[in-house]
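Visitor: Quick one: structure below, then a few questions.
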Amino acid sequence: MEGILPADSPPAPARRFALLLVLLAAACGSDTSAGTEQTATTDATSTSGAVATTGTEAGTTDAPTSRTTGDPPTTSTTSTTGTTGALSDTGEPATTDGTGEAGSTGEAGSTGEPASTGDEPPVDPCAHQDDAPPAVDAPKAINDDPAFIQVYVNNIENLKIQGEQCPGDWTDLIAYMKSIEPSPDLFLVQQISDAAQLDTLVQRMTDELPGIFEGIIADADPWTQLSPCGKEKEKQTNAIIIRQGRFAKASEKHVWQSWVNKDGECVRNHQARTRNVMIKLHDKIADKDVTVASLHWATAQGEGPDPACAKQNVLEADAKLHKKEFGGDLLIFGGDFNEPDRKDNDDWRPWYAEANGEVGGALNYRDPIFRACKSGGGLQACLDDNWTIGGERRIDMLFGQDGHGCRARSRRAHTITYAEAEAAAKQLTGDTDPELNYSEHRGIRAEFYY
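In mature numbering (1 follows the signal peptide of the UniProt record, and there is no 0), the protein residues as written are -34 to -1, 1 to 416.
Below, the structure is given as structure tokens:
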């Protein structure tokens, strides 16, 4: 061809020598294959720090810390490569890009499986936590609906009666319970004197209300303390009352002492009245497990934004509820917290801002009264109307969470007014004293849904 000269062919020996060099290079060539990928696994455990014990706990001085950053809690989490659906340390499913296989050849999907893009959205177990609860039938005298449980809480102040130094009529509350359907499944009680007085309350509930009831007490015979109300209130402890037709005990009780602020430092309180009690229950109707705690925190004795160590107390309560041998499908705590939800300027107090998930609290519990007020509009005014002591402060509350760490759904939350209890008692007995209230603390009821 014009302009292109053919190359001279090398002699045969030279060609054989060149071929030999090529073969040697192919046999001894460089390593260009991908390195073998190593799969890493880690075991993550709950950061609650609580020691798995039952019964009375020795007074630890370790301050609890928040176990979450807003995500539901996880346990025994394993992170792997090349798989999807494993939990990450945030509790969300972890994913990896590509196939996760090293040194593979050929076209993606050649095995018949579609190629992974790594874009699958993680499953959020709390995506529907603020949805309305499921529709249920109209309530009956005894709750046999597996969807929810009826819960009450009240500081009953040693079952006040007429003629005492601090008089009252505790039976008005029982009359109110009798007027409401369904009957209580759970009643979280603060400030009961001892086992004998708890027996009196349980027997009255069994006699007056649908169902048979049973009590679990923090201390059967608590040590005494001075009280401005005299001898009637010198012994105080806390308890949980269950309806036997609904619940069976699934654990031993667990008791611990609350924190108190002394000289600017949180230390364990010394009063019997602030020993909290918790138990795990099996719901025989729903075939689910519930852990409940009745709490009574110390009164404010310090300065600053957390004068009663309430934030430390709520962090510890959360850690207790998530202990390995407790937990379940619902976690509920309630009681007399002795510190309100809000400051004087209506900002949330630190403990409440930590607990209530609807105000951004990392612990992510539901406050049913808050939920009802938020749904109805006029939040602050509604919370004011739901005071529980002194006509202005809301210090008695219920909180609930499901087993995934999501806010438990609730319905029909209500603060029990003295007028309502008085009216129920008058209808039941025909004769009451409107000057005698069932307690200085107004009680609360709410339905919690699984």
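By construction, the Cβ of each residue, glycine as well, lies at the ideal position given by its N, Cα and C atoms.
1. Any contact between the segment 256 to 272 and the segment 231 to 242? By contact I mean 3 or more CB pairs, one from each, below 8 Å.
2. Suppose the cutoff is 8 Å on Cβ atoms and the five residues either side in sequence are ignored; what does the same chain contact list for residue 423 look like?
3. Using the C-alpha atoms, what's the distance from D165 back to F179?
4. Which term fits T398, buried or exposed, when burial requires 16 or more other beta carbons within 10 angstroms of its beta carbon?
5. From N279, L152, Q278, pick the residue whose C-alpha is nearest to that of I182; which is it?
6. When the Cα atoms are used, what is the spatial distance from A274 to N304?
7. As a quick exercise: from Q278, K290, G344, pick the residue whose alpha carbon is nearest that of A319.
8. Spell out the partners DSSP gives F365 in its beta bridges.
9. With DSSP as the reference, label S260 as helix, strand or coil.
10. Does Q156 pass the burial test, meaning 16 or more other C-beta atoms within 10 Å, or should it be called exposed?
11. Flag this pair as yes or no: are the beta carbons of W353 and K286 separated by less than 8 Å?
12. Thinking just about the alpha-carbon of each residue, which of T395, G357, R375, W317 is nearest to the one in I335?
13. What does the alpha-carbon distance come out to for the pair T383 and H248?
14. Taking R360 as the reference, give the member of I108, D313, E413, P306 with the closest Cα.
15. Please determine if the segment 378 to 397 and the segment 125 to 145 are in contact, where contact requires at least 3 C-beta pairs separated by less than 8 Å.
16. Need the endpoints of the alpha helix (DSSP H) that S145 sits in, please.
17. How long is the line joining the alpha carbons of G327 and L281, rounded to whole angstroms?
18. If I follow the unbroken beta strand (DSSP E) through G181, where does it start and stop?
19. E231 by DSSP, collapsed to three states: which one?
20. On the DSSP letters alone, give me the boundaries of the alpha helix (DSSP H) that Y118 sits inside.
21. For D90 and T257, what's the separation of their Cα atoms in angstroms?
22. Report the option in E386, C132, G396, E401 whose CA atom is closest to the CA atom of I410.
23. Secondary structure at A214, three-state DSSP: helix, strand or coil?
24. Taking only the alpha-carbon atoms, compute the straight-line gap between K197 and M143 and give it to the nearest angstrom.
25. Nearest CA to the CA of A252: which residue from P100, P99, I115, R408?
26. Taking buried to mean at least 16 other C-beta atoms within 10 Å of its own C-beta, is E358 buried or exposed?
27. Provide the residue span of the alpha helix (DSSP H) that contains D307, from first to last.
28. Return the CA-CA distance between W314 and R308, expressed in angstroms with no decimal places.
29. If I measure Cβ to Cβ from D316 and keep anything under 7 Å in the same chain, skipping five residues before and after, which residues do I get?
30. Around the C-beta of P87, are 16 or more other C-beta atoms found within 10 angstroms, so that it is buried, or is it exposed?
31. State the start and end residues of the unbroken alpha helix (DSSP H) segment that holds V89.
32. S376 bridges to which residues according to DSSP?
33. Give the single residue among R337, D295, L349 whose Cα lies nearest to the Cα of D312.
34. If distances are taken between C-alpha atoms only, which option among Q128, D173, S217, E269 comes closest to M244?
35. Look up residue 418 in the DSSP assignment and say whether it is helix, strand or coil.
36. Consult DSSP for Q128 and reduce its assignment to one of helix, strand or coil.
Guide: Judging by the given coordinates:
1. Touching, yes, given that three or more Cβ pairs across the two stretches are closer than 8 Å.
2. Given that the chain is displayed from residue -34 to residue 416, the structure contains no residue 423 and the question cannot be resolved.
3. Note on geometry: alpha-carbon atoms of F179 and D165 lie some 10 Å from one another.
4. T398 should be labelled buried.
5. The option with the nearest alpha carbon to I182 is L152.
6. Their Cα atoms are separated by approximately 8 Å.
7. Of Q278, K290, G344, the smallest CA-CA separation from A319 is found for Q278.
8. According to DSSP, which records beta bridges pairwise, F365 is partnered with F299.
9. In the three-state DSSP reduction, S260 falls in the strand class (E or B).
10. Flag for Q156 reads buried.
11. Note that the C-beta distance between W353 and K286 is not below 8 Å.
12. The shortest CA-to-CA distance from I335 to any of T395, G357, R375, W317 is the one to R375.
13. Each residue's alpha carbon lies about 31 Å from the other.
14. Residue P306 is the option with its Cα nearest to R360.
15. Short answer: they touch.
16. Segment 137 to 145, the alpha helix (DSSP H) holding S145.
17. Approximately 11 Å, taken between the alpha carbons.
18. Taken as a continuous stretch (DSSP letters only), the beta strand (DSSP E) holding G181 covers 179 to 183.
19. In the three-state reduction of the DSSP assignment, E231 falls in the strand class.
20. Not the alpha helix (DSSP H): Y118 falls in the beta strand (DSSP E), residues 114 to 121.
21. Here the C-alpha atom of D90 lies approximately 23 Å from the C-alpha atom of T257.
22. Here the closest residue by C-alpha is E386.
23. Strand.
24. For K197 and M143, the distance between alpha carbons rounds to 28 Å.
25. Among P100, P99, I115, R408, the Cα nearest to that of A252 is on I115.
26. Taking a 10 Å sphere around the C-beta of E358, we find fewer than 16 other C-beta atoms and assign the residue as exposed.
27. Looking at the DSSP string, D307 is not in any alpha helix (DSSP H), and its letter there is neither H nor E.
28. Going from the Cα of W314 to the Cα of R308 covers about 4 Å.
29. Sequence inspection shows Pro at residue 316; the Asp mentioned does not correspond to that position. Counting only Cβ-Cβ distances below 7 Å, and skipping sequence neighbours, we find P271, D272, K277.
30. Exposed.
31. Counting along the chain, V89 falls outside any alpha helix (DSSP H), and DSSP gives it neither H nor E.
32. Looking at the DSSP assignment, S376 forms a beta bridge with F414.
33. With respect to the C-alpha of D312, the residue from R337, D295, L349 having the closest C-alpha is L349.
34. Of the candidates Q128, D173, S217, E269, the one whose C-alpha sits nearest the C-alpha of M244 is S217.
35. Absent from the structure is residue 418, since the part of the chain shown begins at -34 and ends at 416.
36. If DSSP states are grouped into helix, strand and coil, Q128 belongs with coil.
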